[in-house]
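Undergrad: Protein chains in written order, with the working numbering: chain A, 1 to 326; chain B, 1001 to 1326. My structure is below; once you've seen it, I'll send some questions.
So this is what it looks like as structure tokens:
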């Protein structure tokens, strides 16, 4: 407690392919100061880190200097928690062909401990620290965005596995025959159906295999996004609602399998698809109840992230900072 | 260390529907004394516990008295680790209609801490304490017997979930369409295919859907057991070997999904089916390599239990005793 009183803040970095957003956060999850740089503007990681430090220095000074800061947490693609590295991240100009020891680089410049993990794990820790999973020891976070990511908490700890990369629930197989091609090169992955792109694809499939009237027919099929589907569903479009039913049913089936593994007290959903609210959550819950092994029935809550969407990634990243064992 | 020197033993109880086998075990997994009673001979749990204590007293005296014993571990069906109970166990005369606080009952009679968990979890702890998973922090135990059970270790701890019942990997769904009916009432569970009964059923299916010659045709289909399949396969019977290929392929696919969850350093297999050796392990490994998400490829070992089959259950149960926090 003394250390938290003396060093009341952590730095969070949400490192995306386009933007890098920094926040200085207190233990209640209040963001005290924030800044950002363009991730893409630097061809070398050393330049990226130098530019980050320059931007950070200003907000560090705003909160009283580096002595007020306990640690830094980074949420980034292809992050290896154990090694503190980003490994062959296809979307990072300075990181797609190599292993970047990013935690160590920031730690040397700032003089504080730095940890790094992937976005979905950061989201799970953020939810456990500041959000709807506060106090929970066993829950599964599913991030429904461009892809389907996951962060798994068991016995109060993030599951990293033997290599630091555990928790790729977007890549469990939901269709073993005639499954959709996934970005990972395999077929039938959960992500191929239940990501934002998967939802748009389901809509296009439903449109092409029926003559059912739909607001979505006013668009070119290739232009339809998951956002368009949610807008149509919000207006009562039956086909669009069936897209959510289909997506939610599959998520419910997947969660039923995850329960057989971990028997979590909650599934927490995060990301664009959750904006559809009951349209997606109701079929998830219904399908889960129908499919789950009897022992686990009625035990798990289904929750939507409690963190504000625009700052959730920075909060999640910052939350890793509190957990660092010095 | 002092406590272990003063109390060098734990008691293990392998509580099955027919027999209850007790062993007194040291920290290296040597069984110093053993005894057994018939589980079925008692209609009341109090009689069962009294008979157990009478039998135990003799072997406790053999090792120098109760002061030499740190704790007792019980492996039992439908065991709830958190509550120390057996809950509605269909195979137990005195336990199929109620919740039995068995850990507390033994603890009161013996004056030592007692913990209880299901057989597969006990097997996993046994493997971690005395067997091939010694020193591992992340592994998954799959018991291939009458059913398919599992014990999952993450960050060095057994996964119990929010209710004490996590780790039912025999009941993840492997066939979502036209799946086999499982004993749990759902269809397509791993257990319906990869248990001993599942293997016999696969053999009957293969026999009935082809005219391929097979040694198994000398038997009545309904009499075929997984043991018969292994004997035929051992003699080079092609159909019997294909039964193992089919079973191993499905186990490999299932393990690929489990890797996406936990990225374990090993899968440890236990039970009758493992006696088939490479006949089952080779197709498991091949299928796993084909199906696993690229990040996890080549990282997990596939091992057969290192514990002697006849004493493995007692050893596993006893191993829980070392873990009890007093």
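Note that CB positions come from ideal geometry on N, CA and C, so glycine has one too.
When we look at the beta-carbon of residue 1056 (chain B) and count the other beta-carbons within 10 Å, is it buried (16 or more) or exposed?
TA: buried
Undergrad: Is residue 1207 (chain B) buried or exposed, if buried means 16 or more other CB atoms sit within 10 Å of its CB?
TA: buried
Undergrad: Identify, in the order they occur along the chain, each residue of the same chain with its Cβ nearer than 7 Å to the Cβ of residue 1276 (chain B), setting aside the five sequence neighbours on each side.
TA: 1230, 1233 and 1244
Undergrad: Only counting the same chain, and skipping five residues up and downstream in sequence, which positions put a Cβ closer than 8 Å to that of residue 36 (chain A)?
TA: Excluding positions up to five away in sequence, the list reads 19, 20, 21, 22 and 55.
Undergrad: Should residue 1099 (chain B) be flagged as near chain A, meaning a C-beta pair shorter than 8 Å?
TA: no
Undergrad: How big is the Cα-Cα spacing for residue 1195 (chain B) and residue 288 (chain A)?
TA: Straight-line Cα distance between these residues: approximately 25 Å.
Undergrad: Identify whether residue 7 (chain A) lies in helix, strand or coil by the three-state DSSP scheme.
TA: coil
Undergrad: Which runs of the beta strand (DSSP E), 3 residues or longer, sit entirely within the region 28 to 104 of chain A?
TA: 31 to 38, 69 to 75 and 85 to 87
Undergrad: Distance cutoff 8 Å, beta carbons only. Does residue 237 (chain A) sit that close to anything in chain B?
TA: Chain B, which has no Cβ nearer than 8 Å to the Cβ of residue 237 (chain A), makes this no.
Undergrad: What did DSSP end up calling residue 301 (chain A) once you bin it into helix, strand or coil?
TA: strand
Undergrad: Would you identify the three-state DSSP class for residue 329 (chain A), choosing helix, strand or coil?
TA: Residue 329 (chain A) cannot be examined here, being either before or after the span of chain A that is shown, 1 to 326.
Undergrad: Take residue 39 (chain A) and list the residues in its own chain whose beta-carbon comes closer than 8 Å to its own, dropping the five residues that flank it on each side.
TA: 15, 16, 17, 18, 19, 20, 48, 92 and 93
Undergrad: Where does the unbroken alpha helix (DSSP H) through residue 26 (chain A) begin, and where does it stop?
TA: Careful: residue 26 (chain A) lies outside any alpha helix (DSSP H), inside the beta strand (DSSP E) at 19 to 26.
Undergrad: Of all the options A:58, A:185 and A:122, which has the alpha carbon lying nearest to the alpha carbon of residue 159 (chain A)?
TA: A:122
Undergrad: Can you tell me which of A:216, A:70 and A:255 puts its alpha carbon nearest to the alpha carbon of residue 301 (chain A)?
TA: A:255
Undergrad: Between the region 1103 to 1119 of chain B and the region 1078 to 1087 of chain B, are three or more C-beta pairs nearer than 8 Å?
TA: yes
Undergrad: I'd like the list of long-range same chain contacts for residue 1298 (chain B), defined as Cβ closer than 8 Å, with 5 residues on each side in sequence excluded.
TA: Around residue 1298 (chain B): 1289.
Undergrad: Which one or two residues does DSSP pair with residue 1152 (chain B) in a beta bridge?
TA: B:1140
Undergrad: Using the beta-carbon of each residue, which ones in chain A are nearer than 8 Å to residue 1295 (chain B)?
TA: 163, 165 and 168
Undergrad: Suppose you measure from the CA of residue 1061 (chain B) to the CA of residue 1011 (chain B); what does that come to, to the nearest Å?
TA: 13 Å
Undergrad: Does the separation of the CB atoms of residue 216 (chain A) and residue 241 (chain A) fall below 8 Å?
TA: The beta carbons of residue 216 (chain A) and residue 241 (chain A) sit no closer together than 8 Å.
Undergrad: Report yes if the CB atom of residue 1188 (chain B) is closer than 8 Å to the CB atom of residue 1175 (chain B), and no otherwise.
TA: yes
Undergrad: DSSP state of residue 1266 (chain B), grouped into three classes?
TA: Residue state for residue 1266 (chain B) is assigned as strand, using DSSP reduced to three classes.
Undergrad: If I follow the unbroken alpha helix (DSSP H) through residue 1116 (chain B), where does it start and stop?
TA: From DSSP, residue 1116 (chain B) is part of no alpha helix (DSSP H) but of the beta strand (DSSP E) over 1114 to 1117.
Undergrad: The region 1122 to 1155 of chain B: which residues have C-beta closer than 8 Å to a C-beta of chain A, in chain order?
TA: For the region 1122 to 1155 of chain B, which is checked against every Cβ of chain A, the residues closer than 8 Å are 1137, 1138, 1152, 1154 and 1155.
Undergrad: Residues of chain B with a CB under 7 Å from the CB of residue 264 (chain A): which are they?
TA: Chain B residues near residue 264 (chain A): 1161 and 1162.
Undergrad: Give the residues from the region 1175 to 1202 of chain B that approach chain A closer than 8 Å (Cβ to any Cβ), ordered along the chain.
TA: 1175, 1176, 1177, 1184, 1185 and 1186
Undergrad: Which bits of chain B does residue 50 (chain A) rub up against, with CB to CB less than 9 Å?
TA: Result: empty, since nearest Cβ-Cβ is about 30 Å, beyond 9 Å.
Undergrad: Report the rounded CA-to-CA distance for residue 327 (chain A) versus residue 1292 (chain B), giving the unit in angstroms.
TA: Chain A is shown from 1 up to 326; residue 327 (chain A) falls before or after that span and cannot be answered.
Undergrad: So that I know if they touch, is there some Cβ in chain B lying closer than 8 Å to that of residue 380 (chain A)?
TA: Outside the modelled stretch of chain A, which goes from 1 to 326, sits residue 380 (chain A), for which no answer is possible.
Undergrad: Since I believe residue 1137 (chain B) is in contact with residue 1167 (chain B) (beta carbons under 8 Å), could you give me their beta-carbon distance rounded to a whole number of angstroms?
TA: Their Cβ separation, rounded to whole angstroms, is 16 Å, which puts residue 1167 (chain B) and residue 1137 (chain B) out of contact at 8 Å.
Undergrad: Does any C-beta atom of chain B lie closer than 8 Å to the C-beta of residue 173 (chain A)?
TA: yes
Undergrad: Per the DSSP calculation, residue 14 (chain A) is bridged to which residue(s)?
TA: A:21 and A:75
Undergrad: Anything in the region 232 to 260 of chain A with a Cβ closer than 9 Å to a Cβ of chain B? List those residues in chain order, please.
TA: The region 232 to 260 of chain A vs chain B, Cβ under 9 Å: 253, 256, 257, 258, 259 and 260.
Undergrad: Going along chain A, which residues have a C-beta under 9 Å from residue 1286 (chain B)?
TA: Correct list: empty, because the minimum Cβ distance to chain A is about 16 Å.
Undergrad: Does any C-beta atom of chain B lie closer than 8 Å to the C-beta of residue 32 (chain A)?
TA: No, its Cβ sits nowhere closer than 8 Å to a Cβ of chain B.
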